[in-house]
Amino acid sequence: MKKIIAVLAAMAVTSISAFALDITVGARGDFFWGLGTTLAGEAKEWYATEEAAAKALGHTWKEAGNFGGGFAVYGNFGLLNLGGGTLGVQPEVGMIFNNGWNLKDNDAVTNKTYTSIEIPVLVTFTYPIADAFSIGGGIGPYISIPLNYDQLGDDGFKMSDAGDIKTNFMNFGLAFDVNAGYKVGPGDIVLDVRYLLDFTTLHYTLKQSGTTIIDEDNLIRRGLLIGLGYQIKF
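Heads up, the sequence shown is in our numbering, so the first residue is 27 and it goes up one at a time.
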């Protein structure tokens, strides 16, 4: 399935490039904050019970999205000059480490985290403000492919140590993007800020010696992605 997706993506990029007014390629590093990530299904019910019990004992209870990072490479294909700007399509391939959710009860920490491959395709609009400065934005769907999944306790125990964990093959969502570029050398330094909104729930199955121990919807990812990169237009 992954090979089929890669082939279809390559064919789509080749087709788009044939009609492009200009082509920009770039790479960036990303900081990820799981802002808005929430638990789902049985996991949400279980932790809600734990939260109530902890608060009843006077403990401080905090839940928040994980902090992580990643990188991406992309190509932007300008297709239409519109109102002084350029309307285009921007396919990307990237990776985010430490997606997920965390909970803190005093010094105890429970961490649900995974690494994923991200493949968004954005419809973009870029507008030059001056010779050296431009702003832009974009919106589009993405595929998120989880590569691994772990639940970490404050004792260092990982759920994957208890058996084999499998997640759903891919998740789907929508990305909202704003960016600014400043010309340096042959290309532009680009600051990119986007919000990832998963539509599907991360489902995982834990098996031990062939027996299914856990089979549940676990969390719905939301995330703020802040990236800094460099791009060159051809």
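Where a beta carbon is used, it is the ideal one built from N, C-alpha and C, also for glycine. As the structure is a prediction and not an experimental result, all values here were calculated from the model.
Assuming Tyr140 and Gly120 form a contact by the criterion Cβ under 8 Å, report the distance between their Cβ atoms to the nearest whole angstrom.
In fact, because the Cβ distance is near 15 Å, the residues do not count as touching under 8 Å.
Leaving out five residues on either side along the sequence, give the residues of the same chain with a beta carbon under 6 Å from the beta carbon of Leu47.
Gly104
Secondary structure, beta strand (DSSP E): runs of 3+ residues fully inside the stretch 157 to 220:
With a minimum length of 3 residues, the continuous beta strand (DSSP E) runs that stay inside the stretch 157 to 220 are 159 to 178, 190 to 193, 197 to 210.
Would you mind giving the Cβ-Cβ distance between Thr193 and Pro172, rounded to the nearest angstrom? I have them listed as a contact below 8 Å.
4 Å
Does the distance from the C-beta atom of Arg220 to that of Gly62 stay below 8 Å?
no
Among residues of its own chain, excluding the 5 on either side of Asp176, which ones have a beta-carbon nearer than 8 Å to its beta-carbon?
Asn137, Lys138, Thr139, Tyr140, Lys184, Met185, Ser186, Ile191
With H, G and I counted as helix, E and B as strand and the rest as coil, what does DSSP make of Ala80?
DSSP, reduced to helix, strand and coil, places Ala80 within a helical segment of the structure shown.
Cβ pair Asn244, His229 closer than 8 Å
yes
Closest residue to Trp87 among Gln234, Ala158, Glu77 (Cα-Cα distance)
Glu77
Out of curiosity, what's the CA-to-CA distance linking Val216 and Thr237?
49 Å
Under a three-way DSSP split, which group does Thr75 fall into?
helix
Please look up how many angstroms separate the CB atoms of Thr231 and Gly67, rounded, as I've assumed it's under 8 Å.
Actually they do not touch by this definition, with Cβ atoms about 13 Å apart.
Taking only three categories from DSSP, how would you classify Ala69?
helix
Rounded straight-line distance, which links the Cα of Val210 to that of Glu89:
41 Å
Beta strand (DSSP E) containing Gly236: first to last residue?
Looking at the DSSP string, Gly236 is not in any beta strand (DSSP E), and its letter there is neither H nor E.
Where do the ends of the beta strand (DSSP E) carrying Gly253 lie?
Going by DSSP, Gly253 is part of the beta strand (DSSP E) stretching over 248 to 259.
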